[in-house]
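To start, the structure itself, in structure tokens.
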Amino acid sequence: MRFSIIIPTFENFNYLRITINSVIKNSKYDHEILVHVNSGNDETIDFLKKKNIKFSYSEYNLGLCTSTNIASKKATTDYILYSHDDMYFCPGWDITLKNEILNLNHNLYYLSSSMIEQNSGHIQFDCGDSFHNFNEDKLLKNYKSLKYFDYQGSHWAPHLIHKKIWNDIGGFSEEFNPGIGSDPDLNMKLWKRGVRIFKGLSNFKVYHFGSISLRKKSNLKINKGNKTFLKKWGITPVFFTKYYLRGGKFINNKIKSIPFDGPLKKPEKSLSFLIEKIICKLKYLKLMIFK
């Protein structure tokens, strides 16, 4: 089973190289890697050509959403796997996804990884905070013993979606460029499409350096993703994640999730749900009045 791995990048060669090399080294299958290069002012293009990896290119930073959508149009497999350009894919990741897909026997799903990070993520384990001190040997010796669980309400990259569903919802919404708020919006569109399995897989592990690329200076104005989401959907991303996805939240800088217990259902209209929904509506009215 082959996946189309979509990676937008912006002058982040040293991390992109780690990501791509990990996919090549640690995959059971020969996957299709598709990169969109936003501004080729480093070694990225030469590296991709040497590796015979397909890529698209823009002279300036188009933003995460547009870049991913452009690259995804080149996909030739049935599966779109979106990844940041600062992630290391641990061995067994693609076998785990394949087995999950075969067990589901339908294409209404959103599947993603368990993130290993130095000081955050689902699993906290220090293998370095940059390409300078990344300890690959330490990670490969220990990743199997880093226990987690299949968790509910995944809404983080890397994530895998069937290409038909990806095309049905139009990929990422480009009003969220350069990318802030794009993940919960994508999940909301999937929810509207009928997806109820938002599942993080314990054995699909990646080491994440911490959104290195998103902290770069950009020619794009930073989008206020929470406001864009609220204006579009009438609720906040926090409300959607909490009550619809039942997703994890950060506590003491670590993601706290609940174990996966089956397809999601419509949220129960508890007192807290109703109160927080009223608060969302008041925020929406304020936004529309004073926009």
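Residue numbers (the numbering used here): 65 to 355.
Beta carbons: idealized from backbone N, C-alpha and C, even for Gly.
The structure displayed is predicted, hence computed values, not measured ones.
Let me check one thing: in DSSP terms, what residues is Phe198 bridge-paired to?
Answer is none; Phe198 lacks a bridge partner.
Let's test the definition: count the other Cβ atoms within 10 Å of the Cβ of Ile299 and tell me whether it reaches 16, buried, or not, exposed.
Only buried fits Ile299, as 16 or more other CB atoms lie within 10 angstroms of its CB.
Ends of the beta strand (DSSP E) at Tyr308?
Segment: none, Tyr308 is in no beta strand (DSSP E) and carries neither H nor E.
Could you tell me which whole beta strand (DSSP E) segments of length 3 or greater appear in the region 65-107?
68-73, 96-102
Within a Cβ cutoff of 6 Å, which residues of the same chain sit near Lys296, ignoring the five residues on either side of it in sequence?
For Lys296, there are no CB contacts under 6 Å within the same chain when 5 residues up- and downstream are skipped.
Near Phe77, what residues of its chain come up, given a Cβ to Cβ distance below 6 Å and the 5 sequence neighbours on each side ignored?
Asp106, Glu107, Thr108
Under 7 Å Cβ to Cβ from Asn290, same chain only, skipping five residues before and after it: list those, please.
Contacts found: Gly245, Thr300, Pro301.
For Asn85, which residues in the same chain have their Cβ closer than 7 Å to its Cβ, ignoring the five residues on either side in sequence?
none
Can you tell me where the alpha helix (DSSP H) with Ser131 in it begins and where it stops?
Note, Ser131: alpha helix (DSSP H), 128-136.
Tell me which residue opens and which closes the alpha helix (DSSP H) that Tyr348 is part of.
335-353
Keeping to the same chain, check which residues put their C-beta closer than 8 Å to that of Ile322; ignore five residues upstream and five downstream.
Tyr215, Gln216, Gly217, Arg310, Gly312
Check Val270 in the structure and name its three-state DSSP category.
strand
Judging by CA-CA distance, which residue of Val87, Pro248, Tyr93 is the nearest neighbour of Tyr174?
Ranking Val87, Pro248, Tyr93 by Cα distance to Tyr174 puts Pro248 first.
Short of 7 Å in beta carbon distance, which residues of its chain neighbour Arg81, apart from the five on each side in sequence? Order them along the chain.
Phe111
Skipping 5 residues on each side, what residues in its chain have a beta carbon closer than 6 Å to that of Trp157?
Phe268
Does DSSP classify Leu278 as helix, strand or coil?
Only weak support exists for where Leu278 lies, its pLDDT of 47 falling under 50; the coordinates are left without a value.
In chain order, which beta strand (DSSP E) runs of at least 3 residues are fully inside the region 210-253?
223-226
Just mark Asp325 as buried or exposed, buried being the case when its beta carbon has 16 or more other beta carbons within 10 Å.
Under the 10 Å beta carbon count, Asp325 is surrounded by fewer than 16 other beta carbons and is classified as exposed.
In three-state DSSP terms, what is Gly289?
helix
Quick one: Cα of Phe354 to Cα of Ile117, how far?
C-alpha of Phe354 to C-alpha of Ile117: approximately 47 Å in a straight line.
Can you tell me the Cα-Cα spacing of Ser336 and Leu168, whole angstroms?
33 Å
If you run the structure through DSSP and keep just helix, strand and coil, what is Lys115?
coil
What distance in whole Å lies between the Cβ atoms of Ile261 and Leu172, which are believed to be in contact at a cut-off of 8 Å?
7 Å
Would you kindly report the start and end of the unbroken alpha helix (DSSP H) that includes Glu164?
157-168
Alpha carbons only, please: which of Leu224, His219, Ile229 is nearest the one belonging to Asn251?
His219
Apart from the five residues on each side of it in sequence, which residues of its chain come closer than 7 Å, Cβ to Cβ, to Asp94?
Arg66
Flag this pair as yes or no: are the beta carbons of Tyr79 and Asp150 separated by less than 8 Å?
yes
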